[in-house]
Amino acid sequence: MRFNRKISTLISVVIVAMSTGVSSCALATEKAAGEQPNILFILADDLGYNDVGFNGSKDISTPNLDALAKQGVTFDAAYVAHPFCGPSRAAIMTGRYPHKIGAQFNLPEDNSNVGVSADETFIAQTMKNAGYFTGAMGKWHLGEAPQYHPNKHGFDEFYGFLGGGHNYFPEEFEKAYNKRVAQGLTNINMYLTPLEHNGKEVRETEYITDGLSREAVTFVDKATAKQQPFFLYLAYNAPHVPLQAKEDDLAQFRHIKDKKRRTYAAMVYAVDRGVGRIVSQLKANGQYENTLIVFMSDNGGKLGQGANNYPLKEGKGSVQEGGFRTPMLMHWPKHIKAGNRFAHPVLALDLYPTFAAIGGASLPEGKILDGKNIWPSLMANVAPHENEFIYVLRHRDGYSDAAARRNQYKAVKNHNQNWKLFNVAQDISEENDISAKHPAILRDMVSSMESWSWNNQQPKWFHRSDEGARWRLKAMPRFDKTFQVDDHGTK
Amino acid sequence: MRFNRKISTLISVVIVAMSTGVSSCALATEKAAGEQPNILFILADDLGYNDVGFNGSKDISTPNLDALAKQGVTFDAAYVAHPFCGPSRAAIMTGRYPHKIGAQFNLPEDNSNVGVSADETFIAQTMKNAGYFTGAMGKWHLGEAPQYHPNKHGFDEFYGFLGGGHNYFPEEFEKAYNKRVAQGLTNINMYLTPLEHNGKEVRETEYITDGLSREAVTFVDKATAKQQPFFLYLAYNAPHVPLQAKEDDLAQFRHIKDKKRRTYAAMVYAVDRGVGRIVSQLKANGQYENTLIVFMSDNGGKLGQGANNYPLKEGKGSVQEGGFRTPMLMHWPKHIKAGNRFAHPVLALDLYPTFAAIGGASLPEGKILDGKNIWPSLMANVAPHENEFIYVLRHRDGYSDAAARRNQYKAVKNHNQNWKLFNVAQDISEENDISAKHPAILRDMVSSMESWSWNNQQPKWFHRSDEGARWRLKAMPRFDKTFQVDDHGTK
Amino acid sequence: MRFNRKISTLISVVIVAMSTGVSSCALATEKAAGEQPNILFILADDLGYNDVGFNGSKDISTPNLDALAKQGVTFDAAYVAHPFCGPSRAAIMTGRYPHKIGAQFNLPEDNSNVGVSADETFIAQTMKNAGYFTGAMGKWHLGEAPQYHPNKHGFDEFYGFLGGGHNYFPEEFEKAYNKRVAQGLTNINMYLTPLEHNGKEVRETEYITDGLSREAVTFVDKATAKQQPFFLYLAYNAPHVPLQAKEDDLAQFRHIKDKKRRTYAAMVYAVDRGVGRIVSQLKANGQYENTLIVFMSDNGGKLGQGANNYPLKEGKGSVQEGGFRTPMLMHWPKHIKAGNRFAHPVLALDLYPTFAAIGGASLPEGKILDGKNIWPSLMANVAPHENEFIYVLRHRDGYSDAAARRNQYKAVKNHNQNWKLFNVAQDISEENDISAKHPAILRDMVSSMESWSWNNQQPKWFHRSDEGARWRLKAMPRFDKTFQVDDHGTK
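Chains as they are written, first to last, in full-length UniProt numbering: chain A, 1 to 491; chain B, 1 to 491; chain C, 1 to 491.
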């Protein structure tokens, strides 16, 4: 029906959840039997599109991830909601575009008292409400003050660090931290602070990636002992800077000449080793068949820091594909057929409603979600977001980079240049601007994104103070300039 | 008592409603008997002060409205809360000055995702809670996204369109709409989209004004069948642009030379015909005696588009009388004596509390209303707003037009000129500035309006993106300039 | 434990109250017996550090206050949360830094419709919930519109005036007020309006300070008659301008040559006389032993208006010690030993949690408090805020004055100059900048204050409209400049 089609494209994929919960047709039988699957969501940090074996990497080996990919489904076009860590993670946890909740910037460094509030119920809380044992391991980056702690957001267990990254070697960061404490300082860089377990300082002794893998295994064991389904958010900080790898892992990549790339590869390899360990433990515990494993990155690989996003254009921070399209796999022996690639676009924003549906969780009343449950589309191998919009928007100093994808088309405004139009289905590297050929489509897409932008919230924080000052001085977001198309045509 | 007088003028007519409801002495007997009257509120769009027979129009005939006026009461000084459609309607629906709820601009075009939230309980919801069958027919203009739909705001029935206006001829807009859909466009101008009934697309076949009158009759019939009192908000988009009239109606106005005026007159005539049809149906259904009919416009007539606001100064968009004083009548055989004119100022903001009182409705706890129940004053023929302030405020590009009326005096700051003072009781055309004669009164009025302005909200949207950007660049609202009186005197 | 130490200093003294209430070990026995003490909190207005006998004044005699000090404890380093009246009082009433609730400016003059909302439960409401009979006498200055009235904030009784100050002589202000009313004016200066009792105008006939003392005595009698514990907030407007004293009181200070100082001294003397009267009445009613009396000022003395803050630097409005360190005493025969001086810093922000603890009151769920219950530390004579931060921040025209104290150190940025560091434990007059000696400590303190600033709210009002306009034009708060330390060092 025409009218419905129009509305559905306009409001993109906004789902306003009612208290009745989300139902997943494909899984109705299992849920009826009360058999909630485990969900293991593994998030890498700044991992490039081409930096895992299952996406074609020539120089980095990721045997354990590749095995999961081979037995599961690989996604060609998985998009996160923002090309930076903090906003991307806020989106995954809340199911909202970060711009809709004022979280479109990374949190200020260090020890800030701002964060993503519990007004937006996190996926962990939703799963916990449905009976899940919930855990987060690794990097948080959604608020360092007590009220923003993972334990306040529905995670029964948290092991890791609250900032946006961390030094990988305990012997290094412990020494540096103690030195500053001895000087009487208190506002110490978050990359150096001790790790914590549920708010209590712990003394980590392993290379951080290995420590997190170890804790994930412990968590899986606990869940098994409890006979509770688990939801585990395993957020490795690797291969985010600082580039620090173990000698043994570096030894695997002697063939890589570039030192940064070599270190980066070794860091990814350590992540892959951790994945292997956890998979082994799932098997040992008899949970392997009944666990949905999802793996992706929080944003594109950072250029100049060892990553490779080929064949995508640009990298972390960009609204070109290299900024926010990431490697992704799903693995679930019970339900997912082995060896498929899924070419249709899917969103990190879809994870919240999809996990909730799979776990039989009810959504909080009035909860708005910007993605959708993709499970039925995935099972049917159809596009979950046909005719719908996928947006990416990064604010810079006095202007914004913006892009909107709908079906094969992607409209892009980058580096303060004019809007361009690409057919990303055929032109994944965004090389051929076809805006002159389809001016009406470009204008239509841009004006739709402008409509989308109207209820964006002002940022609740900025990464740096001067960024906030310039935001105000330049009367940002200046969407009048962002959504201006050169040729004011026939609309 | 001095103190009370002071407070009452200061806070103007703010009523904070308690859960005990509003009581109307004059109607206590009726309500005790459980006999709630029907309320039919008809709102014209951009109708000029002098464009109905009952206000003295020489060239436009409105026989049905005139008959209601003759048997009812006509208001000489009925003021809406803003000289533009969107903010004026937001005020009527919520009972709040639009500046108090961030709704002081028209919504952005088209298909925006912003709107007036249900945090401010709409009059429809209040009436519905009191047992009314509620309907809205016509133009909405308070939000196009699902959460702002009339059905989410207490209207059982909605028939019409969500935008700020519409093409009047189905054969025209249907064709234009289909063409754009065929081009693959989705963000299509709201003046062209199909009409809807309770969220479902319908295929309207009549001239829009006639279609809305037809649906109003249907609604009245439904209510009669249900034996429920009804609250009907009939919001004709006529005679708002585009100026489009039926040939038959145009034929009635061959005496008008000016083509725009002729078309405008024919559009008003079609509205009048609709009013006649509904009145006939009320009589046929035995509801005529027990229905309060209120008719007014959402703001003044638009100069250059066929309207005539004589003897008022300026028109739509202005803080002079022509911008926000509109024709108004009330008709209710049971209670209103025929043939009266009411000279005291009344407000569109008074409709909410007056309707609630007449219908015996309780107000939501904590609900703030900026108007008051005028029924007792109307029955007693006394000024409902003696010593109280009536404000109008329109933000422009870097400055604001503002005016405040108290009793006979009106302080006006227009077109960025100095504040002037008029005695609008004697000088309805605002020709004689008496500020030099009463500087203390002017300063007192302006400083009262400044106090009123302090808890205005920042706009939640702008009509155009560049308007919002300039708002921020120019540090609007710049009330320091708005409320500056030249001669800083003795206060 | 290192980690806890770090967190505690970072978050300063933020206490998130749970519904379980605050417990005070020292008082457990009393509360168990259900014997809640009376609390009499007396707040002077703009009283200088050196303007009471118990702080060493040579020319002003305050025999009644000195007697309380002698039998109680005197605080050397009592800090209010802001060097201006309105924000300081907002902090005392809510337990929050005014910057955290948008109350960092004085309210606009006059008759504004903004104020401190009840979203932040006031201490009076908390005490009332615990069974206290609550009263406020004197200056309110937290909102003049009905919803901000003391009676809406938990005060059973209010006698006084709502604005930020008042003329002291009824014969003067009554005449001036009546003259303006006769002119038809309504927006009359709040210094001239009649006083009120629970929202009803009253005709005060005494010198205001004496009138407030009289009403306090009446309140104490009422509480005694009710056999209820009382919480009385006695907010004298003296010795705030206008400088107006009674002839009899002036006669006591013929030795003071300077007319302003003489008048100021007489005004303080009248306050002291009132304190004496209330103490007498407490004794007469048998409540003396069981009443905690706290006396302090809302900010430092105003230079040029008769005050003396020696040995502190600067005065009202400053982030130097003279701006926000005030005289303070506590007196409670039952619990406080006579004659002590308490050298450790305490905060006006501590009053809320301390009063709540002493009165056995539960805190509202989720209530955040920026201070802490200092009772246990007071009893043990240890520093309640060891290693914690005390902040003061005043926004000016395009920049901010800021200071942070931690233990003996105070970092100060004043008059748009570079940050300085003082050892205020040894150098109370802030004369020796030691920033060059301790650059790492200075940087650490400033960066902590920057972290603290991130969740400050935008001001909900400004004292004057042009102040708000300039705030926006200059993209305030410009914390990027405020928290810039010259030497960007080793952090």
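Idealized CB from N, CA, C, for every residue including glycine.
Just so we're clear, the structure is a prediction, and the values are computed from it rather than from any experiment.
Sheet register partners of residue i (DSSP bridge)
i	result
S297 of chain A	A:A44
V412 of chain C	C:A403, C:K420
K200 of chain A	A:H197
V346 of chain A	A:A78
F389 of chain C	C:R406
K139 of chain A	A:F161
N340 of chain C	C:V73
R325 of chain C	C:Y79
H133 of chain A	A small correction: the amino acid at residue 133 of chain A is Phe; His does not occupy that position in the sequence shown. Partner(s): A:F230.
T62 of chain B	T62 of chain B pairs with nothing; no bridge assigned.
T291 of chain B	B:N38
H331 of chain A	A:I293
E395 of chain A	According to the sequence shown, residue 395 of chain A is His rather than Glu. According to DSSP, which records beta bridges pairwise, H395 of chain A is partnered with A:S400.
Presumed contact (8 Å Cβ cut-off) between residue i and residue j, rounded CB distance
i	j	result
E158 of chain A	P150 of chain A	A small fix is needed here, since residue 158 of chain A is Phe in this sequence, not Glu. 4 Å between Cβ atoms; contact.
Y391 of chain B	A383 of chain B	With a Cβ gap of about 17 Å, Y391 of chain B and A383 of chain B do not count as contacting.
G72 of chain C	A380 of chain C	The pair is not a contact, with the Cβ atoms about 17 Å apart (cut-off 8 Å).
E196 of chain A	F161 of chain A	7 Å
N187 of chain A	S448 of chain C	4 Å
Between the CA atoms of residue j and residue i - distance to the nearest angstrom
i	j	result
R96 of chain B	N414 of chain C	43 Å
K200 of chain C	T121 of chain C	24 Å
T482 of chain C	A81 of chain C	18 Å
A216 of chain B	G366 of chain B	33 Å
H99 of chain C	I336 of chain A	53 Å
residue 502 of chain C	G135 of chain C	Residue 502 of chain C lies beyond the stretch modelled for chain C, which goes from 1 to 491, so this question has no answer here.
G115 of chain B	V220 of chain C	52 Å
K175 of chain B	W454 of chain A	29 Å
Y79 of chain C	V424 of chain C	13 Å
D466 of chain A	W471 of chain B	22 Å
N416 of chain B	R394 of chain B	12 Å
K302 of chain C	K260 of chain C	12 Å
R478 of chain B	Y399 of chain B	7 Å
G163 of chain A	T218 of chain A	23 Å
D76 of chain A	P108 of chain A	33 Å
P327 of chain A	S297 of chain B	58 Å
P87 of chain A	N456 of chain B	31 Å
A364 of chain A	N167 of chain B	Note that residue 364 of chain A is Pro in the sequence shown, not Ala. Those two C-alpha atoms are separated by around 41 Å.
residue 495 of chain B	R89 of chain B	Any answer about residue 495 of chain B is impossible in this case: the structure gives chain B only from 1 up to 491.
N198 of chain C	M137 of chain C	10 Å
K460 of chain B	A103 of chain B	6 Å
**Prompt:** Of all the alpha helix (DSSP H) runs that stay within the bounds of the segment 179 to 244 of chain A, which reach a length of 4 or more residues?
**Reply:** Here the runs fully enclosed are 208 to 226.
**Prompt:** Does the pairing of the segment 34 to 45 of chain B with the segment 281 to 292 of chain B give three or more beta-carbon distances under 8 Å?
**Reply:** Yes, the segment 34 to 45 of chain B touches the segment 281 to 292 of chain B.
**Request:** May I have a chain-ordered list of the beta strand (DSSP E) segments no shorter than 3 residues that lie completely inside the segment 419 to 475 of chain C?
**Result:** The qualifying runs are 420 to 423.
**Prompt:** Counting pairs of Cβ atoms below 8 Å between the segment 274 to 290 of chain C and the segment 59 to 75 of chain C, do you hit three or more?
**Reply:** Segments in contact, yes.
**Asked** With contact counted as at least three CB pairs below 8 Å, one residue from each stretch, are the segment 46 to 56 of chain B and the segment 305 to 315 of chain B in contact?
**Response** Touching, yes.
**contact_flag[the segment 220 to 236 of chain A, the segment 247 to 265 of chain A] where n(CB pairs < 8 Å) is 3 or more** = Short answer: they don't touch.
**Request:** Could you tell me whether the segment 438 to 458 of chain C touches the segment 352 to 363 of chain C, using the rule of 3 or more Cβ pairs below 8 Å?
**Result:** Contact fails: fewer than three Cβ-Cβ distances are below 8 Å.
**Message:** Is it the case that the segment 203 to 212 of chain B contacts the segment 265 to 275 of chain B, given that we only count it when at least three CB pairs across the two stretches are under 8 Å?
**Reply:** The segment 265 to 275 of chain B, when compared against the segment 203 to 212 of chain B, does touch it at the 8 Å Cβ threshold.
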